[in-house]
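Asker: Numbering (this note's numbering), first residue to last: 490 to 620.
The following block contains the structure, expressed as structure tokens.
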């Protein structure tokens, strides 16, 4: 009798454990998002290309890109914007184009208007700062 009781309890625990793991459903949009989210930098796995007023620069940091479903994104610019070590922007709208997900950020830093435009695609990000 004790053995049957242990087997029944063990079976119930096993079934409960299996059911809790079955909630991992594949979401193709979230999968693509996870491929694009990350740190983009000059010498990283995900490449970053930066221009200021259309001219390429060589000395820059990285951009952290986070998005859910590629509708909007959070950006963290580290040593990208002149005279700003770290600058973060939240909930920036993304526009799907043939090149990738395009974005535009307008900000005023030290009384100067800065417009950051860019495109994020699989494996690379291109940004231009208009100052």
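Cβ coordinates follow ideal geometry from the N, Cα and C atoms, glycine included.
Because the structure is a prediction, the values reported are computed rather than measured.
How about residue 618 and residue 603: are their beta carbons less than 8 Å apart?
Answerer: In this structure, residue 603 lies closer than 8 Å to residue 618 by Cβ.
Asker: Can you give the Cα-Cα distance for residue 536 and residue 586, rounded to whole angstroms?
Answerer: 19 Å
Asker: Quick check on the DSSP output: what are the complete alpha helix (DSSP H) runs of length 4 or more inside the region 516-585, in order along the chain?
Answerer: 517-525
Asker: Just the Cα atoms here: how many angstroms apart are residue 563 and residue 547?
Answerer: 24 Å
Asker: In whole angstroms, give me the CA-to-CA distance for residue 538 and residue 614.
Answerer: 6 Å
Asker: Taking just the CA atoms, how far does residue 555 sit from residue 507?
Answerer: At residue 507 the pLDDT is 49, less than 50, meaning the model places this residue with poor confidence and gives no usable figure here.
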